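Visitor: Read in order, the letters of the sequence shown correspond to residues 6 to 128 in my numbering. Virtual Cβ for every residue (Gly too), placed ideally from N, Cα, C. These numbers come from a predicted model, not from an experiment.
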Amino acid sequence: MTATNVQWELMLEVLQSIRSEIQQQTLLLGQAGTIIAGGQYVHVPFRGSEIYLFHKAFIDAGGAPHENYKTLLEKTVGNLANRTQKGFSAQSFCKYSDKVDPEAKDNVKRFLQKMIRNIDSYD
């Protein structure tokens, strides 16, 4: 019986060391900037159609040469939040392509022009 108990104790030690290693790796990944499920969102003041325009313009300008619209949306929109929604799904986000109106285009243009002016002012 004691040999069996010793084997169980060894097995428990191994499992506990594996558990602590997994916890350390998870902690390191979290500190490295990996987004952890649990509500970390980037809050933006834009409506869905405006966010869609930003993504479309970014891809069309060659900002992510190895991505297409769908893959970029899958990687980013789930972590965005605005006044009305926290996190978007890439599949449902495509509906915003139908909601792009002249006002959304003007808002995006003004924001991008403001970014350009800011870049010009940097030393």
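Leaving aside the five residues before and after T81 along the sequence, list all residues of the same chain whose C-beta is less than 8 Å from its C-beta, in chain order.
Guide: Position 76 of the sequence shown, counted from the first residue, corresponds to residue 81. H60.
Visitor: Count the other C-beta atoms from every protein chain shown that fall within 10 angstroms of the C-beta of L32, then say buried if there are 16 or more, exposed otherwise.
Guide: The residue labelled residue 32 in the question sits at position 27 within the sequence shown. That one is exposed.
Visitor: Buried or exposed for A109, please, with buried defined as at least 16 other CB atoms from any protein chain shown within 10 angstroms of its CB.
Guide: Here residue 109 refers to the residue found at position 104 of the sequence shown. The residue in question, A109, is buried, as its Cβ has 16 or more Cβ neighbours within 10 Å.
Visitor: Where F131 and R24 are concerned, what is the direct C-alpha to C-alpha distance, given to the nearest angstrom?
Guide: Because the chain is modelled from 6 through 128, residue 131 falls outside the range shown and cannot be assessed.
Visitor: Considering only the beta carbon of each residue, do L85 and I64 sit closer than 9 Å?
Guide: Residue numbering aside, residue 85 sits at position 80 when the sequence shown is read from its first letter. Residue numbering aside, residue 64 sits at position 59 when the sequence shown is read from its first letter. Contact: no.
Visitor: Among P50, S126 and E79, whose alpha-carbon lies nearest the alpha-carbon of T89?
Guide: Working through the sequence shown from its first residue, we reach residue 89 at position 84. For the residues P50, S126 and E79, the minimum Cα distance to T89 belongs to P50.
Visitor: Indicate the three-state DSSP secondary structure (helix, strand or coil) for A69 in the structure shown.
Guide: By one-based count along the sequence shown, residue 69 stands at place 64. The answer is coil: DSSP assigns A69 none of H, G, I, E or B.
Visitor: What's the gap between the Cα of M120 and the Cα of Q96?
Guide: Along the sequence shown, one-based indexing puts residue 120 at 115. Along the sequence shown, one-based indexing puts residue 96 at 91. So the two alpha carbons sit approximately 29 Å from each other.
Visitor: Please go through the same chain and pick out, in chain order, the residues whose beta-carbon is closer than 8 Å to the beta-carbon of R122, but skip the five residues on each side of it.
Guide: Working through the sequence shown from its first residue, we reach residue 122 at position 117. Cβ within range, chain order: n/a, list empty.
Visitor: Could you tell me the distance, in whole angstroms, from the CA atom of L20 to the CA atom of A8?
Guide: In the sequence shown, counting from the first residue as 1, residue 20 sits at position 15. In the sequence shown, counting from the first residue as 1, residue 8 sits at position 3. If I take the Cα positions, the gap works out to 18 Å.
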